[in-house]
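**Student:** Handing you this structure, nothing more for now.
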Amino acid sequence: MSPELAGFLQLLALIGALALAYIPVGNYMAKVYSSKKHLRVEKWIYKAIGADPDSEMTWSAYLRGVLAFSAVSVLFLYLLQRLQGVLPGSMGFSSVDPAQSFNTAVSFVTNTNWQSYYGEQTVGHVVQTAGLAVQNFLSAAVGIAVAVALVRGFARSRTGELGNFWTDLVRGTLRVLVPMAAIAAIILVACGVIQNFSGIHEVGQFMGGSQQWNGGAVASQEAIKELGTNGGGYFNANSAHPFENPTPFTNLFEIFLILVIPFSLTRTFGVMVGSVKQGYAILATMFTIWVAFVALMMWTEFAHHGPALQAAGGAMEGKETRFGVGASSIFAVSTTLTSTGAVDSFHSSFTGLGGGIAMLSMMLGEIAPGGTGSGLYGILIMAVIAVFIAGLMVGRTPEYLGKKIGGREMKLAACYILITPALVLVFTAASMALPTPPHSMLNSGAHGFSEVLYAFTSAANNNGSAFAGLNANTDWFNTMTGLAMLLGRFLPMVFVLALAGSLAGQQPVPVTAGTLRTEKPLFTGLLVGAILIVTGLTYFPALALGPLAEGLA
């Protein structure tokens, strides 16, 4: 079987698995977030934190809950790392230094999971399980909660209430993420992913010296790492490590875990707004972009130039032979079009255009299908932009799902789409202009610039993957990427929740003959075009200096 055919068949199998899961998973999540009943364990949690699960919140109160919870989470994870040296079960590792502790705490709380350290050489079992793995659940649940709040904004009318953040957080964690991650972890263990609390082992003799390997609760963390679109690896090699991802089947299964919740949330959206066709329109937009980017990535990586690449069946540098070019291309696109950032190959070793595709995937805003929750609310913001453009073209007041898109709504949507590019470009420019940060670049020229651009694109979009040639474990990059992650996560949430509150307070307008049918293929095409045009106009100059210059050289 040719490598190209193998990659195509894996893509078909993945699409089939996602199609089978779409309706049951989407309907289940809609039921979870619409139910009036509380489980007994949930009532215990509400009582412990002093929350009234039945009280409704305005958008500002909901936002305060998100920010307060996230601030406490950052502080807890920071202190856990700083105290690692005196904690039991830390495998002899010392405390993590302040700049790196800040960066890592922010990274995992913002669902970025950017890692500027070697996981197996820096943090022990306590930080991994009680800190990082816990935040993998909670940060994903926060993202879904914000998305559900926006959906309620579209679904409700003449009210300023968007639900209860604490209820959404607890339900998302206990009813959605924990059971799905438990099933996924059992499958991963059965397929060879390790799960233990053993220490450091010396194995074999290699060129006169031994090699050390850590044990760890890897399968349980790997499951939520992918399912929650987190991405932080137990080991520095991430999902290229055989302890995390041993076989082609586990590789395909992990891609499935990355995509299943973001794609299925479009069904949840359709059910909650009372029109599954609207959900299918958003799904079609996400799916079109995802498939197109996978095809482009495969084309760039399979393109043979010279006998070495022809013999290897493609650009195999930085890729695992057990996965090959096809599976590595699917993984790379899926992890950068979502906010996952996990890698089963090294993106810095992709062809110039292939690395540019991975970078562009993040620059789209990671909305195809995007992260757990963040992908849905990101593409709904773009839908508002597309409706506004359509309204300008035909001279009508724009409407979406029965809600008028006026000046206030457009200002909030515009702020949302401008904040992340501003963070990416400003931080990248500062890093290239100052004398010290460029010293962290392994490469010079276009590829070196791409390393820095990729880093801040990844941080501000809460992705977490990186071009491996950049040494990001410096005070500058730990601090600046930490700020980019914080601002890139929570400033957009401010605009999302404010928009949700504005929409929920409106009275629905009736559908007329002139209303734009947003469930039709025409709107899907308009939305895809708006996404690509907005991204292209924003980032083309930076891409021209980096991956495009390298790929066309």
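Residue numbering for the sequence shown follows the numbering used here, beginning at 10 and increasing consecutively.
For every residue, glycine included, the Cβ atom is placed at its ideal position computed from N, Cα and C.
#1: Out of Ser103, Thr182, Leu535 and Ser104, which one is the CA nearest neighbour of Ala290?
#2: Please check the pair Ser348 and Asn470, which I expect to be a contact at CB under 8 angstroms, by giving their CB distance rounded to whole angstroms.
#3: When you compare each of Leu508, Leu561 and Phe17 to Lys413 by their alpha carbons, which one comes out closest?
#4: Could you name the residues of the same chain whose beta carbon sits closer than 8 angstroms to that of Leu48, not counting the 5 residues immediately before and after it, in chain order?
#5: How close, in whole Å, do the beta carbons of Gly374 and Gly387 come, if the pair is a contact with beta carbons under 8 angstroms?
#6: With H, G and I counted as helix, E and B as strand and the rest as coil, what does DSSP make of Glu170?
#7: Using the three-state DSSP reduction, which class does Glu253 fall into: helix, strand or coil?
#8: Hey, how far is the Cα of Thr490 from the Cα of Leu197?
#9: Could you check which residue in Asn145, Gly101, Pro97 and Ser103 has the C-alpha nearest to that of Ala114?
#10: Tell whether a beta-carbon distance below 8 angstroms holds between Glu460 and Asn472.
#11: Around the Cβ of His448, are there at least 16 other Cβ atoms within 10 angstroms (buried) or fewer (exposed)?
#12: Taking the beta carbon of Thr309 as the centre, do at least 16 other beta carbons fall within 10 Å, making it buried, or is it exposed?
#13: What did DSSP end up calling Met38 once you bin it into helix, strand or coil?
#14: Nearest by alpha-carbon distance to Leu397: which of Asn245, Leu525 and Ser82 is it?
#15: Which same chain residues, not among the five before or five after Met419, have their C-beta less than 7 angstroms away from its C-beta?
#16: Are the Cβ atoms of Val105 and Thr138 separated by less than 8 angstroms?
#17: Please name the residue or residues paired with Lys328 in a DSSP beta bridge.
#18: Who are the Cβ neighbours of Ile233 in its own chain at under 6 angstroms, not counting the five residues just before and after it?
#19: Taking the alpha-carbon positions, what's the Leu496 to Ile339 distance?
#20: On the DSSP letters alone, give me the boundaries of the alpha helix (DSSP H) that Gly162 sits inside.
#21: Roughly how far, in whole angstroms, is the beta-carbon of Thr256 from the beta-carbon of Gly335, given that I think they are within contact range, below 8 angstroms?
#22: Entirely within the stretch 49-85 and at least 4 residues each: give me those alpha helix (DSSP H) ranges in chain order.
#23: Pop quiz: Ser248 and Val352 are said to be a contact at Cβ under 8 angstroms. What is the actual Cβ separation, rounded to whole angstroms?
#24: Asp484 lies in the alpha helix (DSSP H); which residues open and close that run?
#25: Bridge partners of Tyr386, per DSSP?
#26: Should His456 go down as buried or exposed, given a rule of 16 or more other Cβ atoms within 10 Å for buried?
#27: Whole angstroms are fine: how far does the CA of Phe278 sit from the CA of Val285?
#28: Is the stretch 171-180 touching the stretch 146-160 in the sense that three or more CB pairs, one from each, lie closer than 8 angstroms?
#29: Tell me, please, which residues DSSP counts as bridged to Glu408.
#30: Tell me, please, which residues DSSP counts as bridged to Met450.
#31: Spatial neighbours of Met306 within its chain, please: CB distance less than 7 angstroms, with the 5 preceding and 5 following residues excluded, ordered by chain position.
#32: Comparing C-alpha positions only, which one of Leu552, Leu72, Thr238 and Gly169 sits nearest to Ala377?
#33: Given a cut-off of 8 angstroms on the beta-carbon distance, is the pair Pro271 and Gly162 in contact?
#34: Which term fits Asn205, buried or exposed, when burial requires 16 or more other beta carbons within 10 angstroms of its beta carbon?
#35: Let me check understanding here. Comparing Cα to Cα, which of Thr67, Ile542 and Asn36 lies closest to Leu512?
#36: Identify whether Pro517 lies in helix, strand or coil by the three-state DSSP scheme.
**Tutor:** Result, derived from the coordinates:
#1: Closest by alpha carbon: Leu535.
#2: Confirmed, Cβ separation roughly 7 angstroms.
#3: Comparing Cα-Cα distances from Lys413 to each of Leu508, Leu561 and Phe17, the minimum goes to Leu508.
#4: Cβ neighbours of Leu48 within its own chain (closer than 8 angstroms, five residues either side excluded): Leu183 and Arg184.
#5: Between Gly387 and Gly374 the Cβ distance is about 5 angstroms, and since that is below 8 angstroms, they are a contact.
#6: The three-state reading of DSSP puts Glu170 in strand, counting E and B together.
#7: Glu253 sits in coil when the DSSP states are folded into three classes, being neither helix nor strand.
#8: In this structure, the straight-line span from the alpha carbon of Thr490 to that of Leu197 is close to 32 angstroms.
#9: Among Asn145, Gly101, Pro97 and Ser103, the Cα nearest to that of Ala114 belongs to Asn145.
#10: Between Glu460 and Asn472, the gap from beta carbon to beta carbon reaches 8 angstroms or more.
#11: Per the 10 Å Cβ criterion, exposed.
#12: Result: buried.
#13: Met38 falls in the helix class under three-state DSSP.
#14: Looking at the sequence provided, one finds Phe at residue 397 rather than Leu. Taking only the C-alpha atoms, the option nearest Phe397 is Leu525.
#15: Excluding residues within five positions, the ones whose Cβ falls inside 7 angstroms are Phe397.
#16: Not in contact: Val105 and Thr138 (Cβ atoms no closer than 8 angstroms).
#17: Under DSSP, Lys328 forms a beta bridge with Ser354.
#18: Scanning its chain for C-beta atoms nearer than 6 angstroms, with the 5 sequence neighbours on each side dropped, one finds around Ile233 the residues Asn145, Phe146 and Ala190, in chain order.
#19: Note on geometry: alpha-carbon atoms of Leu496 and Ile339 lie some 29 angstroms from one another.
#20: Its alpha helix (DSSP H) spans residues Val143 to Ala164.
#21: Their Cβ separation, rounded to whole angstroms, is 15 angstroms, which puts Thr256 and Gly335 out of contact at 8 angstroms.
#22: Within the stretch 49-85, the complete alpha helix (DSSP H) segments of 4 residues or longer fall at 49-58, listed in chain order.
#23: The Cβ separation is near 6 angstroms, so the contact holds.
#24: Looking at the DSSP string, the run of the alpha helix (DSSP H) that includes Asp484 is Asp484 to Ala513.
#25: DSSP, once it has assigned bridges, lists no residue as partnering Tyr386.
#26: In summary, His456 is buried, with 16 or more beta-carbon neighbours lying within 10 Å of its beta-carbon over all protein chains present.
#27: Rounded to whole angstroms, Val285 to Phe278 spans 8 angstroms at the Cα level.
#28: Yes, the stretch 146-160 is in contact with the stretch 171-180.
#29: Note: Glu408 sits in a beta bridge opposite Lys413.
#30: In the DSSP output, where bridge partners are listed per residue, Met450 has Leu479.
#31: So the qualifying residues of the chain are Ser338, Ala341, Val342, Gly363 and Ile366.
#32: Nearest of Leu552, Leu72, Thr238 and Gly169 to Ala377, Cα basis: Thr238.
#33: No, the pair does not count as a contact, with Cβ atoms beyond the cut-off.
#34: By the beta-carbon neighbour count (other beta carbons within 10 angstroms, threshold 16), Asn205 is exposed.
#35: Here the closest residue by C-alpha is Thr67.
#36: The answer is coil: DSSP assigns Pro517 none of H, G, I, E or B.
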